[in-house]
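K.L.:
Before I ask anything, let me first share the structure, which is written out below as structure tokens.
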Amino acid sequence: MINKNSIIKTALSWTDMAPLPKSASNIIAETKGNPATREFTVSFNASQEDIEKWLSESSGTSDLSPEIDSTTSTNNQEILTYNIKSTSGAQFAQIVYNKTLGQITIRTYWS
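Below, the structure is given as structure tokens:
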């Protein structure tokens with residue numbers, strides 16, 4: 016079984032992101048898959064200021080314009096999605112930022 020710190024480290028590496036903000040709380044780190052395929056998901060909450068600083072200082076998202084999820088406007092939530100072209104070999108790398116909740120979800124995988 017992979018420990019939480021290893022999952023976070025791998026997810027950050029595969030998405031080219033800086034270490035989590037110091038204010039990160041409610042951190043959940045999960046992995047799925049088998050030896051031939053592996054998926055990592057990490058979510059956390061932090062202040063909007065800390066999240067936006069983290070996004071701007073991370074090479075995975077600093078030069079990206081996020082997609083705005085228009086379907087969430089009926090729920091009064093602003094959700095931004097960053098689709099990252101991983102330089103670390105991940106087949107898929109994505110950051111979803113729920114600005115309303117101050118929540119980040121990192122999802123990355125290879126197969």
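Per the working numbering: the sequence shown ends with 126, consecutive numbering throughout. Quick reminder that beta carbons are idealized off the backbone N, C-alpha and C, glycines included.
1. The alpha helix (DSSP H) spanning Leu-70 covers which residue range?
2. Taking a contact to mean a Cβ-Cβ separation below 9 Å, would you say Asp-84 touches Leu-95 in this structure?
3. Within 8 Å, do at least three Cβ pairs link the segment 65-82 to the segment 16-23?
4. Have a look at Ser-74 and Ile-17 and give me their C-alpha separation to the nearest angstrom.
5. Taking Cβ positions, are Ser-40 and Phe-59 nearer each other than 9 Å?
6. Can you look up Leu-35 in the DSSP assignment and give me helix, strand or coil?
7. Return the CA-CA distance between Ala-44 and Ile-119, expressed in angstroms with no decimal places.
8. Pick out whichever of Leu-35, Thr-46 and Pro-34 has its Cα sitting closest to the Cα of Tyr-124.
9. Under three-state DSSP, which class holds Asn-20?
10. Report all residues from its chain with a CB closer than 7 Å to the CB of Trp-69; omit the five preceding and five following residues, and keep chain order.
11. Could you spell out the range, first to last residue, of the beta strand (DSSP E) harbouring Thr-120?
P.N.:
Straight from the coordinates:
1. In the sequence shown, the residue the question calls residue 70 occupies position 55. Run containing Leu-70: 63-72, per the alpha helix (DSSP H) assignment.
2. As a first step, residue 84 must be located in the sequence shown, where it is residue number 69. As a first step, residue 95 must be located in the sequence shown, where it is residue number 80. The answer is yes: Cβ separation under 9 Å.
3. no
4. Translated into the one-based positions of the sequence shown, residue 74 becomes position 59. Translated into the one-based positions of the sequence shown, residue 17 becomes position 2. So the two alpha carbons sit approximately 26 Å from each other.
5. Counting from 1 along the sequence shown, the entry for residue 40 is found at position 25. Counting from 1 along the sequence shown, the entry for residue 59 is found at position 44. Contact flag set, yes.
6. Against the sequence shown, residue 35 aligns to sequence position 20. If DSSP states are grouped into helix, strand and coil, Leu-35 belongs with coil.
7. In the sequence shown, counting from the first residue as 1, residue 44 sits at position 29. In the sequence shown, counting from the first residue as 1, residue 119 sits at position 104. Going by the C-alpha atoms only, they are around 12 Å apart.
8. Here the question's residue 124 lines up with position 109 in the sequence shown. Comparing Cα-Cα distances from Tyr-124 to each of Leu-35, Thr-46 and Pro-34, the minimum goes to Thr-46.
9. As a working mapping, residue 20 is identified with position 5 in the sequence shown. Correct three-state label for Asn-20: helix.
10. The residue labelled residue 69 in the question sits at position 54 within the sequence shown. Same-chain partners within the cutoff: Ala-33 and Pro-36.
11. The residue you call residue 120 lines up with position 105 of the sequence shown. Thr-120 -> beta strand (DSSP E) spans 118-125.
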